[in-house]
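Here's the structure, in structure tokens; my notes come after.
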């Protein structure tokens, strides 16, 4: 078993997870052990939820109930989470280990974390000099590209895709799943200074994964959450409050079982508390163009001065 | 679309029931509604939010409208039209159901 840092804790795994940094024994144990194994036919468990892409193809499905769930990415990996033993059994459905780990680290484990965390948000996050900002939006909106560009400007990466959020009375603290960036090839070339350790990534995506050599950054206080709206003809930043933005942030949260009434209600309440506590919740409308990045960063940074 | 002028003294009592599958959360006076049945999400503006809360405590639409008229300095015909629009939309998406009319 190896120990790895994941969010603000340490998990143990018999599967090699080179995307993660080593975990230290003094770290907060996530009490989750990952092991390879064979699983019985998943179709015998009742289907609780299916996540589909825009064409209706199932990307991930949840079966089971009570304390034992089966999360399966068809053709890639099937996993069984047993909360009574805190054991995650992983069965490969393909021979592409990078693709398997991508599903495990970016889709399955964040959903498992939801059971013990306030919120896990689909967001990138950077920090510098006491200012921490998160970028959220749909896939392809530019979360990773903006995070990479801010790294070029000297900011440190907290998260690329999964951000754990804890809301207290007057503060929102965040930590990322692991210090890695996944960039499309064109972004990677334009933002070459963020290259660190090239790692294999899933073959079904054109994104390249890089692992940052910095340590896991935890416990930063979040100042702003920025909703990305690419495709606009003009650069615009707008402060937002109200129901529409709550729906947007809720829509970007991870969930293990979206059909769970209490968990969903709690998640919606936590999303509201996040928006009521955070100093800035902004929509950034912009043209998805690498040449526009300096102007975007300049306009955003003026907001926080 | 024709929207009738709402006059509580002239109308049959209308009772509206909110969906038990709805999860709600208020923010800045507005409301987010998650329909756990359809897995669709909705938002209500301030008046819609207050109407929902009033119907939670009393299913009689006339009571809700009377309460809103007390809270807002607005023409009753205008308010009735706004309320009817919200009710119609919420019924269409299955978040509200109307019991048979009584007189």
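Chains as they are written, first to last, in my numbering: chain A, 2 to 306; chain B, 931 to 1033.
The beta carbon of each residue, even a glycine, is placed where N, CA and C say it ideally should be.
From the options, residue whose alpha carbon lies closest to that of residue i
i	options	result
residue 59 of chain A	A:77, A:5, A:158	A:77
residue 283 of chain A	A:72, A:127, A:226, A:5	A:226
residue 163 of chain A	A:4, A:286, A:9, A:301	A:9
residue 232 of chain A	A:279, A:293, A:115	A:293
residue 958 of chain B	A:146, A:120, A:241, A:139	A:241
residue 176 of chain A	A:133, A:138, A:259	A:133
residue 946 of chain B	B:970, B:1001, B:986	B:986
residue 125 of chain A	A:118, A:112, A:165, A:21	A:165
residue 52 of chain A	A:257, A:267, A:261, A:273	A:257
residue 220 of chain A	A:239, A:173, A:183, A:263	A:173
residue 1012 of chain B	B:988, B:989, B:1029, B:980	B:980
residue 1023 of chain B	B:1006, B:968, B:960, B:975	B:968
residue 950 of chain B	B:998, B:982, B:1009	B:982
residue 83 of chain A	A:94, A:70, A:92	A:70
residue 302 of chain A	A:140, A:270, A:154, A:11	A:154
residue 218 of chain A	A:230, A:79, A:183, A:178	A:178
residue 1 of chain A	A:73, A:67, A:39, A:95	An answer regarding residue 1 of chain A cannot be provided, because it is not within the stretch 2 to 306 covered by chain A.
residue 130 of chain A	A:139, A:121, A:157	A:157
residue 91 of chain A	A:248, A:81, A:160	A:81
residue 269 of chain A	B:962, B:944, B:943	B:962
residue 318 of chain A	A:290, A:244, A:289	Residue 318 of chain A falls outside the range modelled here, since chain A spans only 2 to 306, and no answer is possible.
residue 35 of chain A	A:47, A:46, A:48, A:12	A:12
residue 7 of chain A	A:230, A:114, A:47	A:114
residue 249 of chain A	A:111, A:42, A:136, A:61	A:136
residue 61 of chain A	A:224, A:259, A:139	A:259
Residue i burial status per 10 Å Cβ neighbour count (16 or more: buried)
i	result
residue 251 of chain A	buried
residue 144 of chain A	buried
residue 180 of chain A	buried
residue 996 of chain B	exposed
residue 23 of chain A	exposed
residue 1031 of chain B	exposed
residue 254 of chain A	buried
residue 1 of chain A	Outside the displayed range of chain A (2 to 306) lies residue 1 of chain A, so it cannot be described from this structure.
residue 37 of chain A	exposed
residue 102 of chain A	buried
residue 85 of chain A	exposed
residue 2 of chain A	exposed
residue 305 of chain A	exposed
residue 203 of chain A	A caution first: residue 203 of chain A carries a pLDDT of 48, below 50, which makes its placement in the model unreliable, though a value can still be read off. Buried is the call here.
residue 65 of chain A	buried
residue 17 of chain A	exposed
residue 235 of chain A	exposed
residue 56 of chain A	exposed
residue 1 of chain A	Missing from the structure shown is residue 1 of chain A; chain A here goes from 2 to 306 and no further.
residue 169 of chain A	exposed
residue 1004 of chain B	exposed
residue 122 of chain A	buried
Cutoff 8 Å: residue i Cβ touching any chain B Cβ
i	result
residue 203 of chain A	Note that residue 203 of chain A has pLDDT 48, beneath the 50 cutoff, so the model's placement of it is unreliable and the number below is only indicative. So, not an interface residue.
residue 259 of chain A	yes
residue 270 of chain A	yes
residue 139 of chain A	no
residue 273 of chain A	yes
residue 196 of chain A	Confidence at residue 196 of chain A is low in this model, with a pLDDT of 45, below 50, so the placement of that residue should be treated as unreliable; the coordinate-derived value is given next. No, its Cβ sits nowhere closer than 8 Å to a Cβ of chain B.
residue 305 of chain A	no
residue 265 of chain A	yes
residue 276 of chain A	yes
residue 48 of chain A	no
residue 262 of chain A	yes
residue 200 of chain A	Here residue 200 of chain A scores only 45 on pLDDT, less than 50, and its place in the model is too uncertain to base an answer on.
8 Å Cβ cutoff, residue i in contact with chain A
i	result
residue 1024 of chain B	no
residue 935 of chain B	At residue 935 of chain B the pLDDT is 43, less than 50, meaning the model places this residue with poor confidence; the figure from the coordinates comes in the next sentence. Taking Cβ atoms only, chain A never reaches closer than 8 Å to residue 935 of chain B, which makes this a no.
Any C-beta of chain C under 8 Å from that of residue i
i	result
residue 961 of chain B	You won't find chain C in this structure, because its protein chains are A and B.
Would you list, in sequence order, the uninterrupted alpha helix (DSSP H) runs of no fewer than 4 residues that lie entirely inside the segment 206-292 of chain A? Correct list: 244-252, 262-278.
Select from the segment 52-68 of chain A all residues with a C-beta closer than 9 Å to any C-beta belonging to chain B, and list them in chain order. Correct list: empty, as no residue qualifies.
What are the residues in the segment 939-964 of chain B lying within 7 Å of chain A by C-beta distance? Those residues of the segment 939-964 of chain B that come within reach of chain A (Cβ to Cβ, closer than 7 Å) are 953, 955, 957, 958, 960, 961, 962, 964.
Could you please tell me which residues of the segment 966-985 of chain B, in chain order, have their CB closer than 9 Å to any CB of chain A? Residues are counted here when their Cβ sits less than 9 Å from a Cβ of chain A; for the segment 966-985 of chain B these are 966, 969, 971, 972, 973, 974, 975, 979, given in chain order.
Selection of the segment 231-248 of chain A by Cβ proximity to chain B, strictly under 9 Å: Listed in sequence order: 242, 243, 244, 245, 246, 247, 248.
Which ranges would you report for the beta strand (DSSP E) in the segment 98-131 of chain A if only whole runs of at least 3 residues count? Taken in chain order, the complete beta strand (DSSP E) segments of 3 residues or longer contained in the segment 98-131 of chain A are 120-129.
Taking the runs of the alpha helix (DSSP H) that are 4 residues or longer, which of them lie wholly in the segment 979-1032 of chain B? As far as the segment 979-1032 of chain B is concerned, its whole alpha helix (DSSP H) runs of at least 4 residues are 991-1001, 1006-1022.
Taking the runs of the alpha helix (DSSP H) that are 4 residues or longer, which of them lie wholly in the segment 141-180 of chain A? Taking only runs of at least 4 residues, the alpha helix (DSSP H) segments lying wholly in the segment 141-180 of chain A are 144-153.
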